[in-house]
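Let me begin by presenting the structure, written as structure tokens, before commenting on it.
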Amino acid sequence: LTRLLEHENAERQRELDEQRQSETARQRERDLPPSLQEYLRQRDAEIDMYKSVSPSLKPYYKYLVDEYFQRLRNE
């Protein structure tokens with residue numbers, strides 16, 4: 250019986266303890282390093298170049314090439 254009372258008392262103390270309060274996370278803006286920004290810019294330029302110089306392909310292959318470039322952009 251005393252253990253049960255001690256347990257209830259401990260639970261009450263834990264509920265009142267202010268150490269265990271939570272805070273919501275804050276969104277922080279993260280800047281990309283300049284080298285990564287430059288790489289992404291170059292990659293986009295290369296993709297645009299390849300798209301503009303694409304040879305005349307049959308529709309099926311043109312679709313595959315377009316899908317490939319779309320996946321590259323989304324990475």
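Just so you know, the sequence shown maps onto residues 250 to 324 in my numbering.
Beta carbons: idealized from backbone N, C-alpha and C, even for Gly.
All figures in this text were calculated on a predicted structure; none of them were measured in a lab.
The stretch 273-288 and the stretch 298-317 do not touch, with fewer than three beta-carbon pairs separated by less than 8 Å. Cβ neighbours of residue 300 within its own chain (closer than 7 Å, five residues either side excluded): 318. Taken through DSSP and simplified to helix, strand or coil, residue 283 comes out as helix. Taking 8 Å as the cut-off, the beta carbon of residue 322 is found closer than this to the beta carbon of residue 296.
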